[in-house]
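Asks:
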Amino acid sequence: MAITERLYYADCYLREFQARVIRTSSEAGGVRVFLDRTAFYPESGGQPADQGTLAGIAVLDVVEEGEEVAHVLTESPSTEVVQGIIDWRRRFDHMQQHTGQHVLSAAFEKAGGYKTVSFHLGTETSTIDLDSDRVGAKQIEETEELANEIVFENRPVQISFRPSAEANQMDLRKPAFREGDIRVVEVEGFDLSACGGTHVIQTGAIGLISIRKVDTSKGLTRVAFVCGGRALRRARRDFAILTEAARQFSTGLENVPELIAKQAQELRDAERLRNKLLEDLAELEALELWRSAPERNGSRVVRRLFAAEDGKKAKMLAHAVAKHPSAIALLGVRGKPAGLFFAQSPGGKPNLAELLKQTLAKFGGKGGGAHDFAQGGGLREDQLEEALDFAESLLRVVP
Ligand SMILES: [Zn+2]
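Everything in the sequence shown is counted per numbering that gives the first Met the number 0, starting at 0 for the first residue and increasing by one.
1) When you compare the CB of residue 169 with every CB in chain B, is at least one pair closer than 8 Å?
2) Quick check on the DSSP output: the alpha helix (DSSP H) that includes residue 255 runs from which residue to which?
3) Among 333, 328, 152, which has the Cα closest to the Cα of residue 422?
4) Applying the criterion that 16 or more other CB atoms from any shown protein chain within 10 Å of the CB defines a buried residue, is residue 185 buried or exposed?
5) Are the beta-carbon atoms belonging to residue 373 and residue 394 less than 8 Å from one another?
6) In three-state terms, what does DSSP make of residue 163?
7) Tell whether a beta-carbon distance below 8 Å holds between residue 49 and residue 90.
8) What does DSSP give as the partner residue(s) for residue 294 in the beta ladder?
9) With a CB to CB cut of under 6 Å and the five nearest residues on each side skipped, what residues in its chain are close to residue 196?
10) At what residue ranges does the stretch 82 to 135 contain a whole run of the beta strand (DSSP E), taking only runs of 3 or more?
11) For residue 199, verify whether its CB is less than 7 Å away from any heavy atom of ligand 1.
12) Under 8 Å: do the stretch 240 to 251 and the stretch 106 to 116 share three or more Cβ pairs, one atom per stretch?
13) Are the stretch 203 to 214 and the stretch 173 to 190 touching, with three or more C-beta to C-beta distances below 8 Å?
14) Does DSSP put residue 403 in a helix, in a strand, or in coil?
15) Could you tell me the distance, in whole angstroms, from the CA atom of residue 126 to the CA atom of residue 165?
16) For residue 330, I'd like the list of residues in its chain whose CB is within less than 6 Å of its CB, leaving aside the five on either flank, ordered along the chain.
17) What first and last residue would you give for the alpha helix (DSSP H) that runs through residue 390?
18) Bridge partners for residue 365 per DSSP, in chain order?
19) If you draw a straight line from the C-alpha of residue 353 to the C-alpha of residue 375, how long is it?
20) So, at 6 Å on beta carbons, what are the nonlocal neighbours of residue 214 in its own chain, with the 5 sequence-adjacent residues on each side left out?
21) Taking 7 Å as the cut-off, is the C-beta of residue 226 nearer than that to any heavy atom in ligand 1?
22) According to the Cβ coordinates, are residue 116 and residue 132 closer than 8 Å?
23) Judging by CA-CA distance, which residue of 143, 167, 378, 332 is the nearest neighbour of residue 308?
24) If you run the structure through DSSP and keep just helix, strand and coil, what is residue 331?
25) For the beta strand (DSSP E) holding residue 340, just list the boundary residues, first then last.
26) Between residue 363 and residue 278, what straight-line distance do the alpha-carbon atoms span, to the nearest angstrom?
27) So, at 6 Å on beta carbons, what are the nonlocal neighbours of residue 187 in its own chain, with the 5 sequence-adjacent residues on each side left out?
28) To the nearest angstrom, how far is it from the Cα of residue 167 to the Cα of residue 158?
29) Distance, Cα to Cα, residue 6 vs residue 136?
30) Assign residue 24 to buried or exposed, taking buried as 16 or more other Cβ atoms, counted over all protein chains shown, within 10 Å of its Cβ.
31) Just the C-alpha distance for residue 58 and residue 257, rounded to the nearest angstrom, thanks.
In structure tokens:
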């Protein structure tokens, strides 16, 4: 197996390069191209692969195969010597996030002794997992401050190659487990890590390091963050969202949370008042219905159908009718599916739970209740009238 020379090891800012095609191999939907050297970064250590072009052909993916780097293309280049061009916007964004991660992980270690156990560079945010679920909000804030101080100081980020024995005596935050020469990345006076990734050359180029979210689970704390251009775009989006919220409330940005809380309270108060009014209305309607209801076996039977959206009102009305003496309410609510509410004055003769059970047994649906109140649902709308007829007919056989 050949070894692909990795040009980004020495120069992370190399955007264009020339290389020789060593071999190609076909695979489903494309071809793998192996070069003598490359500036393309293959997916590794939580950092996604580069994109760009080789001989003008789009590079879909870049993967490590042992010591080699495979470039996945849609077709083979027609020449032996090819020009590679890195998608620099994407790569530089990755360099900002990745170098930011070095600084942030070192800051967590210095501020609270927390070790980073994993790193993922995502499309929106990146995450690190810390080896503790007891990282306090104040510690998070202090760590973010420390990390950004290192950015503001614009410290050099240096790369050197050391024999593994020497490298592992250097107090690396992230030790090396391989033999041979180790690539050591140093944020001057702050962090030493064995790392094969791509980094900016000075910490100032990371731009702002902004923590976005903190979650804890199973002994770990997951910290989501954005750096540089992402931090700028995220701040711009946050500002737009908050500005729109403030516009809707006709207020300043700072007053938005207070106004949301105030309006939520007003909404709860209005809901309470609305329910009270509905109950009052149900009482009035119930009285009217009870007065005009026909008597059967010494009871006044109120029978009524409601529109689908009046389910709540129907239930209130059933209870309100039952407050009157010798009353029985058999109420149906239209809709798909339809529902039933049966209620009666306390201690009435028929058992309404039983009445409902028999009705549902005949017409389908589910439900239940007690002697004086029962409710069911899941009936066919076109059988609702028939179901009420049936329930009413059962009342006549009650002795
Ligand atoms: Zn790195």
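No residue lacks a Cβ here, since even glycine has one placed at the ideal position from N, Cα and C. Model, not experiment: these values are computed from the prediction.
Replies: Inspection of the coordinates gives the following:
1) Of the chains in the structure shown, none is chain B; there is only one protein chain.
2) Working through the sequence shown from its first residue, we reach residue 255 at position 256. 255 to 291 is the span of the alpha helix (DSSP H), which, as asked, contains residue 255.
3) No answer is possible for residue 422: the residues shown for the chain start at 0 and end at 398.
4) Taking the first residue of the sequence shown as position 1, residue 185 is located at position 186. Buried is the call here.
5) Working through the sequence shown from its first residue, we reach residue 373 at position 374. Working through the sequence shown from its first residue, we reach residue 394 at position 395. Not closer than 8 Å, so no.
6) Here the question's residue 163 lines up with position 164 in the sequence shown. In this structure, residue 163 counts as helix in the three-state DSSP scheme.
7) What you label residue 49 is simply residue 50 of the sequence shown in a count that begins at 1. What you label residue 90 is simply residue 91 of the sequence shown in a count that begins at 1. It is a contact, given that the beta carbons lie within the stated cut-off.
8) Locating residue 294 in the sequence shown gives position 295, where the first residue counts as 1. Note: residue 294 sits in a beta bridge opposite 299.
9) Taking the sequence shown and counting its residues from 1, the one referred to as residue 196 is at position 197. Excluding sequence neighbours, residue 196 sits near 44, 46, 97.
10) 115 to 120, 125 to 129
11) Within the sequence shown, the letter at position 200 stands for residue 199. False, no ligand heavy atom lies under 7 Å from that Cβ.
12) no
13) no
14) Nothing about residue 403 can be reported from this structure: the residues present for the chain run from 0 to 398 only.
15) Counted from its first residue, the sequence shown places residue 126 at position 127. Counted from its first residue, the sequence shown places residue 165 at position 166. C-alpha separation (whole angstroms): 30 Å.
16) Taking the first residue of the sequence shown as position 1, residue 330 is located at position 331. The answer, listed in chain order, is 303, 313, 317, 340.
17) By 1-based counting over the sequence shown, the position of residue 390 is 391. 383 to 395 is the span of the alpha helix (DSSP H), which, as asked, contains residue 390.
18) To locate residue 365, count along the sequence shown from 1; it is residue 366. The partner list for residue 365 (beta bridge, DSSP) reads 376.
19) Position 354 of the sequence shown holds residue 353. Position 376 of the sequence shown holds residue 375. Rounded to whole angstroms, residue 353 to residue 375 spans 12 Å at the Cα level.
20) Taking the first residue of the sequence shown as 1, we reach residue 214 at position 215. So the list reads 221, once near-sequence residues are dropped.
21) Residue mapping note: residue 226 aligns to position 227 of the sequence shown, counting from 1. Result no, Cβ not under 7 Å from ligand 1.
22) For the purposes of this step, residue 116 is taken as the residue at position 117 of the sequence shown. For the purposes of this step, residue 132 is taken as the residue at position 133 of the sequence shown. Cβ distance not < 8 Å, so residue 116 and residue 132 don't count as in contact.
23) Stepping through the sequence shown from its first residue, residue 308 is reached at position 309. Ranking the options by Cα distance to residue 308, first place goes to 332.
24) Along the sequence shown, one-based indexing puts residue 331 at 332. Correct three-state label for residue 331: strand.
25) By one-based count along the sequence shown, residue 340 stands at place 341. Counting along the chain, the beta strand (DSSP E) containing residue 340 begins and ends at 337 to 343.
26) Your numbering for residue 363 matches position 364 in the sequence shown. Your numbering for residue 278 matches position 279 in the sequence shown. Whole-angstrom Cα-Cα distance: 30 Å.
27) The residue labelled residue 187 in the question sits at position 188 within the sequence shown. Here the set comprises 154, 155.
28) By one-based count along the sequence shown, residue 167 stands at place 168. By one-based count along the sequence shown, residue 158 stands at place 159. Approximately 15 Å, taken between the alpha carbons.
29) Translated into the one-based positions of the sequence shown, residue 6 becomes position 7. Translated into the one-based positions of the sequence shown, residue 136 becomes position 137. Their Cα atoms are separated by approximately 41 Å.
30) Here residue 24 is taken as the residue at index 25 of the sequence shown, counted from 1. With fewer than 16 Cβ atoms within 10 Å of its Cβ, residue 24 is classed as exposed.
31) For the purposes of this step, residue 58 is identified with residue 59 of the sequence shown, where counting begins at 1. For the purposes of this step, residue 257 is identified with residue 258 of the sequence shown, where counting begins at 1. Roughly 51 Å between the two C-alpha positions.
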